[in-house]
Amino acid sequence: MFFKTLILTLFVACVLGDQPDKRSVGWDAPAGWVPGLLQVSGVKALHTAPADTSSDVAGAVAAAKAAASAVMAAQRQVAAARHAALEQQSIASVKEAEAAHEAHKSEEIARAARAHALEAAQAAIHAQAQLAAAKARVATAQKIAAAREAAAAKAIQQAAHNQAARLQSADLEALKLSVLQSSGAAGAAGAAQHAATAAAAALKPAGWTWPANQWAPVKITFTMSWLYLVAVLIFGQVVTAEIDRRRFSNPTYYNVGGVLSSNESIAFFKDTISNLNFKDQYVPRGVTYHDYSILMDPNPIKTALNVCKDLIAHRVYAVIVSHPLTGDLSPAAVSYTSGFYHIPVIGISSRDSAFSDKNIHVSFLRTVPPYSHQADVWVDVLKHFNYMKVIVIHSSDTDGRAILGRFQTTSQSIDEDVDRKVVVEAVIEFEPGLDSFGDKLIEVRSAQARVFLMYASKTDAEIIFRDATYLNMTTAGYVWMVTEQALDAANAPEGLLGLRLVNATNEHAHIQDSIYVLASAIRDMNTSEEIHAPPSDCDNSGSIWTTGRILFDYTRKQRLENGATGHVAFDDHGDRVHAEYDMINVRAQGEHVAVGKYFYSKETQKMRLELKEQEIIWMGRSPSKPEGFMIPTHLKVLTIEEKPFVYARRVDYEIDCVADEIPCPHYNASDELDQLYCCKGFCMDLLRHLSKTINFTYSLALSPDGQFGNYIIRNLSQPGAKKQWTGLIGELVYERADMIVAPLTINPERAEFIEFSKPFKYQGITILEKKPSRSSTLVSFLQPFSNTLWILVMVSVHVVALVLYLLDRFSPFGRFKLANIDGTEEDALNLSSAIWFAWGVLLNSGIGEGTPRSFSARVLGMVWAGFAMIIVASYTANLAAFLVLERPKTKLTGINDARLRNTMENLTCATVKGSAVDMYFRRQVELSNMYRTMEANNYDNAEQAIQDVKNGKLMAFIWDSSRLEFEAAQDCELVTAGELFGRSGYGVGLQKGSPWADLVTLAILDFHESGIMESLDNQWILRNNMLNCEENEKTPNTLGLKNMAGVFILVLAGIIGGIVLIVIEVVYKRHQIKKQKRMEIARHAADRWRGAVEKRKSMRAAILPSQRRAKSNGVKEAGSISLAVDRGVRRRDEPRIPRYMPAYTPDVSHLVV
14 MFFKTLILTL FVACVLGDQP DKRSVGWDAP AGWVPGLLQV SGVKALHTAP
64 ADTSSDVAGA VAAAKAAASA VMAAQRQVAA ARHAALEQQS IASVKEAEAA
114 HEAHKSEEIA RAARAHALEA AQAAIHAQAQ LAAAKARVAT AQKIAAAREA
164 AAAKAIQQAA HNQAARLQSA DLEALKLSVL QSSGAAGAAG AAQHAATAAA
214 AALKPAGWTW PANQWAPVKI TFTMSWLYLV AVLIFGQVVT AEIDRRRFSN
264 PTYYNVGGVL SSNESIAFFK DTISNLNFKD QYVPRGVTYH DYSILMDPNP
314 IKTALNVCKD LIAHRVYAVI VSHPLTGDLS PAAVSYTSGF YHIPVIGISS
364 RDSAFSDKNI HVSFLRTVPP YSHQADVWVD VLKHFNYMKV IVIHSSDTDG
414 RAILGRFQTT SQSIDEDVDR KVVVEAVIEF EPGLDSFGDK LIEVRSAQAR
464 VFLMYASKTD AEIIFRDATY LNMTTAGYVW MVTEQALDAA NAPEGLLGLR
514 LVNATNEHAH IQDSIYVLAS AIRDMNTSEE IHAPPSDCDN SGSIWTTGRI
564 LFDYTRKQRL ENGATGHVAF DDHGDRVHAE YDMINVRAQG EHVAVGKYFY
614 SKETQKMRLE LKEQEIIWMG RSPSKPEGFM IPTHLKVLTI EEKPFVYARR
664 VDYEIDCVAD EIPCPHYNAS DELDQLYCCK GFCMDLLRHL SKTINFTYSL
714 ALSPDGQFGN YIIRNLSQPG AKKQWTGLIG ELVYERADMI VAPLTINPER
764 AEFIEFSKPF KYQGITILEK KPSRSSTLVS FLQPFSNTLW ILVMVSVHVV
814 ALVLYLLDRF SPFGRFKLAN IDGTEEDALN LSSAIWFAWG VLLNSGIGEG
864 TPRSFSARVL GMVWAGFAMI IVASYTANLA AFLVLERPKT KLTGINDARL
914 RNTMENLTCA TVKGSAVDMY FRRQVELSNM YRTMEANNYD NAEQAIQDVK
964 NGKLMAFIWD SSRLEFEAAQ DCELVTAGEL FGRSGYGVGL QKGSPWADLV
1014 TLAILDFHES GIMESLDNQW ILRNNMLNCE ENEKTPNTLG LKNMAGVFIL
1064 VLAGIIGGIV LIVIEVVYKR HQIKKQKRME IARHAADRWR GAVEKRKSMR
1114 AAILPSQRRA KSNGVKEAGS ISLAVDRGVR RRDEPRIPRY MPAYTPDVSH
1164 LVV
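If you use our numbering, the sequence shown corresponds to residues 14 to 1166, in order.
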């Protein structure tokens, strides 16, 4: 191949330069021939070519011309042979396309087309053989030309050799050797050949030749430069292709195994692999696929051994497995054996759901969908016909349970419209191998649904159809939809609808799609992954092929937009998605007629259902579509105790209920004797009117847990989290009841799962609180004035009294004599009298004495009297208004009150857990802070919350306005605060898709128009109680001891104060008397002392003259003698006069203690 490429390059050069190629024998040159050629034929050749070689070159040119002629002749033969081969191949391709098109119509036509295709392929092979012979002749001619050119090329080779050692590089040498010696040399040579042809055509000027008179050496040098440029382009492309190919050292040969059911399938498998190698969109250049196939054995053990011996031993990268003609375990054996080494297995006919379990079948994919995927078609068909309630019958095997699970998941998909969810009313599971099915069919005869979905084998389906026909359950009004296996039952009733997979038995189409998907995956892996060779021995159990896992993931992600079986794609489990089905209608004599199809739409890129409804024959040969359900006439009705809508009274026996009451035991109560109640109220009368109007009977029961119902999200962290309902709503959602007649608030959360009628009463949400009581403290009489005003009044009294005292004290006219009196002068106004006067004027008491006498003081007294009159009048009026007028009704202004929104306030509010009000707060983002605060205080029922409001334990209860207004009308101490918010209504609850929904709505609208609702409101809700409360509010309040207790306490304080003061006065008086007695004694003693002093003074006055005379006569002083005598004769009882008191002091009060 390399030599052929070089000859072709030589031919291109000759054509370009009209000169023989000097590189035609260059492949025998030593290493580094390309760099040497660069130096010789490049710049060196143009500037330094020696002149003595011109004659040799001219001879070489002449020889090369002869060789070129031979090459051109051989090239024309090659071109002719190639043209003939291309024509044969195009003819073969056209015939193959025509044959493939005809294969879909008839098997006989397909066989004929394949025969024609084989003939065309043989013709193509014959043409290729002719091409190979022509190429051989070209090679012979090239060898002759090479021998003739040996002498001419000798000089060129010598010059190239001289420059090789200096310019070649070790990396380029190694790369050249790897290119020459690699196993993909053929592919590289072919790429070089195409590149040389393209480069020659692009580089040669159109019609350009050397002039005859041109200098020959220059012409040769230019030609050689041109040839080198072409060689560089060729070599660069070869090197680039080799580098890309060897990027991850990926192999170029891939073996694909096949375990097929027939020799015909094996032949088609081989042909498909052969043709695959010529499809550039799937197979890159240099890559070749080979096939290894075996015939499937019904014995799974033999099949596993054959897979090891004939497939794994040949290092297959994947295995395509069919289904045996008999037995079901052989595909599983292939999956287990190959999956152990992670070799991908592509199934083309295995549809069991067990193959979807990747814990067992780790590397299994399939181009056919599992049986359970028919549930997707069921859901679309049911929604097309608006059948929202069905009964599912399935076998207890893996496929039966899988189809039920997928149907329930798909029908409840959150992406769909919630109003169009299909509900499974009943599920019947049976063990395969039935003898009779009548008992289970009898159990569902009373169900509402009349649409049956069935998955069963052909044998079991015959038993079920037999018993259903016997019970008249295949007549008009019933709808039966079955899967592919049951569709083939011999006794399938007329009007049956079933599914049939398109191309289910076309094994060749699935083989082709499998091979193309695998080739696409390997193509994508080659560009980004390193591929290792697969295992070659089943005995080596310790090695796991890691590339197999990657190849499985790549294969699973592949898409074929125009596959032989339609749009081919896989899900995460490796199962085929977007498979196409035909909707089959069973006619008389078991005829199967296609009345619709389920196919992939390229425009929407989704599956699409098309049905011809006018061509469908239904059960009982009815041309019109059945309703799909039976309307029951006896309903299970639930209610809940909620005044005034429902009153529940405990009784011992049902006969104890009076005429206006309905027996309503607890729902599903185990002990009936302890759970008997009689119910009456607004909703009970409404239920009676509905029953009479739309003609149904009912059995009434109370809520099992006493709650309306709340939803709990299970498995919130998982993607499949769902809402689970409790209370009344839960009983309706899970179809344990038919209707709810209670004050049931309509809200979006509930409407998603149940059906509501039009509201029978409109209402909202409001706040209930206890009316604020008047503050009757001990100082209530002080409340008309503020504390500041009271302080100012107290200060004013004493300031005015002080000023009055001063004015009257210093006024010259403050003291005067009264005419015609005893002539005594009246005392001036003292401070005590002034204070008494000021208080007397303020308190409007009579003043008999102690009034100011001066004119200035009396002017101030008049002003003070006016001030006192104003203060007293204001106090009296304000006190009357405070104690008698209407008190404020509410503490809160409504839901927007700042005390409710502020979590720091000490204000407790609550509602009922899981109620519609609770859902409202949870739904409103702006009330989230308030909801977090009140959530911890919520109650289980409204009765307990209302009682706590009455007792003062709860400050605000948020609930439905109808109930709270009723409670406020019953108890005048309760009041509703603010305006209504969250307006909604009460409705009758029914099951989703209930046939009674429209009838109940129409009846309620009629009740509104006829006045029945108004009469029920007057009878049960209003009852004229609110008018009585309003009258009580307008009645003036009577003052009692609680209001005036402070005044009495003030009087009592005055009395006690007076007693305390009198005691103080008496004690003080006694102290004064004792003090006066001591003063009298002291005064008496002072008088005696004063007399003794006077006596002594007189005695001294008498003795002094005698002493003077004696002194003058020389006689001893007699004074001392007389003094001694006087001391000696002094009486003992006389008081001794202190020496330090020489004089008399009249005031001796300081001596009194």
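All C-beta atoms, glycine included, are put in the ideal place defined by N, C-alpha and C.
Cβ pair residue i, residue j closer than 8 angstroms
{"i": "residue 659", "j": "residue 691", "result": "no"}
{"i": "residue 455", "j": "residue 406", "result": "no"}
{"i": "residue 461", "j": "residue 396", "result": "no"}
{"i": "residue 851", "j": "residue 819", "result": "no"}
{"i": "residue 933", "j": "residue 1000", "result": "no"}
{"i": "residue 925", "j": "residue 972", "result": "yes"}
{"i": "residue 596", "j": "residue 563", "result": "no"}
{"i": "residue 874", "j": "residue 865", "result": "yes"}
Inter-residue Cα distance where the pair is residue i and residue j
{"i": "residue 794", "j": "residue 889", "result": "10 angstroms"}
{"i": "residue 904", "j": "residue 921", "result": "13 angstroms"}
{"i": "residue 495", "j": "residue 1004", "result": "27 angstroms"}
{"i": "residue 895", "j": "residue 796", "result": "8 angstroms"}
{"i": "residue 821", "j": "residue 880", "result": "20 angstroms"}
{"i": "residue 695", "j": "residue 1027", "result": "11 angstroms"}
{"i": "residue 869", "j": "residue 990", "result": "60 angstroms"}
{"i": "residue 540", "j": "residue 263", "result": "10 angstroms"}
{"i": "residue 738", "j": "residue 753", "result": "15 angstroms"}
{"i": "residue 602", "j": "residue 469", "result": "21 angstroms"}
{"i": "residue 271", "j": "residue 445", "result": "33 angstroms"}
{"i": "residue 679", "j": "residue 411", "result": "41 angstroms"}
{"i": "residue 981", "j": "residue 952", "result": "19 angstroms"}
{"i": "residue 929", "j": "residue 1007", "result": "22 angstroms"}
{"i": "residue 558", "j": "residue 548", "result": "7 angstroms"}
{"i": "residue 639", "j": "residue 1012", "result": "20 angstroms"}
{"i": "residue 298", "j": "residue 286", "result": "15 angstroms"}
{"i": "residue 946", "j": "residue 923", "result": "9 angstroms"}
{"i": "residue 368", "j": "residue 420", "result": "19 angstroms"}
{"i": "residue 801", "j": "residue 1094", "result": "55 angstroms"}
Cβ distance (whole Å) where residue i is taken to contact residue j below 8 angstroms
{"i": "residue 489", "j": "residue 632", "result": "6 angstroms"}
{"i": "residue 355", "j": "residue 385", "result": "Wrong, their Cβ atoms sit about 25 angstroms apart, outside the cutoff."}
{"i": "residue 622", "j": "residue 611", "result": "5 angstroms"}
{"i": "residue 281", "j": "residue 521", "result": "5 angstroms"}
{"i": "residue 313", "j": "residue 342", "result": "4 angstroms"}
{"i": "residue 268", "j": "residue 328", "result": "6 angstroms"}
{"i": "residue 676", "j": "residue 713", "result": "7 angstroms"}
{"i": "residue 273", "j": "residue 335", "result": "5 angstroms"}
{"i": "residue 711", "j": "residue 648", "result": "5 angstroms"}
{"i": "residue 628", "j": "residue 608", "result": "5 angstroms"}
Bridge-paired residues (DSSP) for residue i
{"i": "residue 676", "result": "691"}
{"i": "residue 914", "result": "According to DSSP, residue 914 bridges with nothing at all."}
{"i": "residue 272", "result": "307 and 334"}
{"i": "residue 407", "result": "442 and 468"}
{"i": "residue 768", "result": "1003"}
{"i": "residue 702", "result": "DSSP output for residue 702 lists no bridge partner at all."}
{"i": "residue 774", "result": "999"}
C-beta neighbour in chain C for residue i, strict 8 angstroms
{"i": "residue 544", "result": "The structure shown contains no chain C; it holds only a single protein chain."}
Checklist entry - Which runs of the alpha helix (DSSP H) spanning at least 4 residues fall entirely within the region 452–519, listed in chain order? => result Secondary structure remark: continuous alpha helix (DSSP H) runs of at least 4 residues inside the region 452–519, in chain order: 471–483 and 497–500.
Checklist entry - Mind pulling the beta strand (DSSP E) runs of 3 or more residues that sit fully within the region 320–397? => result Counting whole runs of 3 or more residues, the region 320–397 contains the beta strand (DSSP E) stretches 329–334, 358–360 and 377–379.
Item to check | alpha helix (DSSP H) segments (min. 4 residues) lying fully within the region 960–993 | outcome: Within the region 960–993, the complete alpha helix (DSSP H) segments of 4 residues or longer fall at 974–983, listed in chain order.
Item to check | Every unbroken alpha helix (DSSP H) within the region 639–665, with a cutoff of 4 residues, ordered by chain | outcome: Taking 4 residues as the minimum length, the region 639–665 contains no alpha helix (DSSP H) run wholly inside it.
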